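Peer 1:
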Amino acid sequence: MILQHVTLNTSNVKDSIQFYKDVFGFVETSRPDFPFEGAWLWIEPHKTMLHLQNCWGDYGGLIGVNPVDHIALDARREGEDTVEEYDRWSVFLIDPKLKKKWNHEVQFHSFDPKEFLQIFITDPLNDVRWELNFPVTK
0 MILQHVTLNT SNVKDSIQFY KDVFGFVETS RPDFPFEGAW LWIEPHKTML
50 HLQNCWGDYG GLIGVNPVDH IALDARREGE DTVEEYDRWS VFLIDPKLKK
100 KWNHEVQFHS FDPKEFLQIF ITDPLNDVRW ELNFPVTK
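Residue numbers (numbering that gives the first Met the number 0): 0 to 137.
#1: In its own chain, which residues sit with a C-beta less than 6 Å from the C-beta of Tyr85, not counting the 5 before and 5 after it?
#2: Any contact of the region 65-82 with the region 1-9, i.e. 3+ C-beta pairs under 8 Å?
#3: Following the continuous beta strand (DSSP E) through Phe25, name the residue where it begins and the one where it ends.
#4: Three-state secondary structure (DSSP) at Glu79?
#5: Using a threshold of 8 Å, state whether the C-beta atoms of Ile120 and Phe107 are closer than that.
#6: What's the C-alpha gap between Leu49 and Phe25?
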């Protein structure tokens with residue numbers, strides 16, 4: 000797996016953008032039209048991103064309240080079919096034995112399932128969400 004992005008909750012998106020540009024040289028890029036203020040910045044062009052968002056509180060059950068909202072991974076395996084890999088993870092994460100041991104939350108989500116599949120898993124010990132991304136290749 001490859002680290003795809005880290006999302007930080009912030010009460011001041013504008014100043015945070017400037018901080019990360021000034022201190023680390025991040026470059027701002029476009030982002031989808033979400034119903035909350037935010038920004039996406041490239042850490043390493045076209046590889047790893049920092050997502051900033053001002054959405055403390057609840058947005059459809061997907062947004063947490065910790066400063067580190069979630070950590071995202073590109074969960075595809077080289078040479079594997081993306082949908083099969085997504086299905087494999089889905090079955091594994093809801094396995095009753097695993098759920099009983101860890102009592103972790105699992106959410107399945109996708110803005111467009113033909114393009115992108117997602118699974119969110121909450122670390123029950125640290126309240127950090129992990130986002131597994133499965134970009135669907137054509």
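Even for Gly, the Cβ is constructed at its ideal location relative to N, Cα and C.
All figures in this text were calculated on a predicted structure; none of them were measured in a lab.
Peer 2: This is what the structure gives:
#1: Leu116 and Phe133
#2: yes
#3: Unbroken run through Phe25: none, as it is neither H nor E.
#4: coil
#5: no
#6: 9 Å
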